[in-house]
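Structure first, commentary second.
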Amino acid sequence: AQTVTQSQPEMSVQEAETVTLSCTYDTSESDYYLFWYKQPPSRQMILVIRQEAYKQQNATENRFSVNFQKAAKSFSLKISDSQLGDAAMYFCAYRTSINTGTASKLTFGTGTRLQVTL
Amino acid sequence: DTAVSQTPKYLVTQMGNDKSIKCEQNLGHDTMYWYKQDSKKFLKIMFSYNNKELIINETVPNRFSPKSPDKAHLNLHINSLELGDSAVYFCASSHSQDRGGYNEQFFGPGTRLTVL
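Chains X and V, in that order, give the protein sequences. Residues in the first sequence are numbered consecutively from 1, following the working numbering. Residues in the second sequence are numbered consecutively from 119, following the working numbering.
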């Protein structure tokens, strides 16, 4: 079974600075998808960024980028120019790409609470 | 234009009661999910339906019974509620796996269930 580990329960960053959130995972599959979700106090789950395992290029979305190291099974999230609105829980998630023909669950890490200070 | 909606958003009830949470999506997806987020914020899949057929059924007490009347709706009924059922329950939807690609899951706003 796949597992996702986020070893940082809490992180803090000053506004306008850069922070990196760590995520490692364990899988025997060669192709899969990885995601970072943001959950602000409103509790809405918001997709921040996604990466397909067979793509070597790291995904970027504006101020958010990932460092995907497939051999190390590592998928960290970098937030540049941090803003107060970035304060939230961040969840790393894994999904198989095996064609089951139907559904595939997301397996989540335990989350990292990010605080943004002035 | 709410994509995935859940009702109610908050539910407070006594132990032993039976309650239902409803979920609707207007994204044209054919796959829907229920996730549970516990008090430590850990999110875990409970069920998934594809075209009204149960596809994923994790180790969940049989007091929990999902029902999908059509592709756009997935309800969760909980019998004999226990204190440990207190959590936030999220509904999500996506296209099915066989379409290829990310098949991003879109989440509803969550239902906070409190059992007293």
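Virtual Cβ for every residue (Gly too), placed ideally from N, Cα, C. Treat the numbers as computed from the prediction; the structure is a model and nothing was measured.
Query: DSSP state of residue 135 (chain V) mapped onto helix, strand, coil; Result: coil
Query: Bridge-paired residues (DSSP) for residue 92 (chain X); Result: X:36
Query: Proximity test, Cβ basis, 8 Å: residue 105 (chain X) and chain V; Result: yes
Query: For residue 198 (chain V), the nearest candidate out of V:205, V:185, V:188 and V:180 (CA to CA); Result: V:180
Query: Integer-rounded CB distance, given that residue 148 (chain V) should sit under 8 Å from residue 168 (chain V); Result: 6 Å
Query: Other residues of its chain near residue 140 (chain V): CB distance less than 6 Å, five sequence neighbours each side excluded; Result: 125 and 193
Query: Span separating the alpha-carbon of residue 134 (chain V) from that of residue 84 (chain X); Result: 42 Å
Query: At least 3 beta-carbon pairs within less than 8 Å: the stretch 33-46 of chain X vs the stretch 79-98 of chain X; Result: yes
Query: Contacts around residue 225 (chain V), its chain only, beta-carbon distance under 7 Å, and the 5 residues preceding and following it disregarded; Result: 122, 208 and 210
Query: Cβ-Cβ separation, residue 21 (chain X) to residue 118 (chain X) (assumed contact under 8 Å), whole Å; Result: The Cβ separation is near 20 Å, so there is no contact.
Query: Span separating the alpha-carbon of residue 49 (chain X) from that of residue 116 (chain X); Result: 20 Å
Query: Identity of the residue in X:55, X:46 and X:81 nearest residue 13 (chain X) by Cα; Result: X:81
Query: Per-residue contacts from residue 11 (chain X) into chain V (C-beta, under 9 Å); Result: Within 9 Å Cβ-Cβ: nothing; residue 11 (chain X) doesn't reach chain V, min ~15 Å.
Query: Start-to-end residues for the beta strand (DSSP E) that takes in residue 28 (chain X); Result: First-last for residue 28 (chain X): undefined, no H or E at that position.
Query: Under 8 Å from the C-beta of residue 44 (chain X): neighbouring residues of chain V; Result: 225, 227 and 228
Query: Contacting residues, own chain, Cβ-Cβ under 7 Å from residue 201 (chain V) (five flanking each side not counted); Result: 133 and 233
Query: Buried/exposed call for residue 42 (chain X), threshold 16 Cβ in 10 Å; Result: exposed
Query: Under 8 Å between C-beta atoms of residue 26 (chain X) and residue 97 (chain X); Result: no
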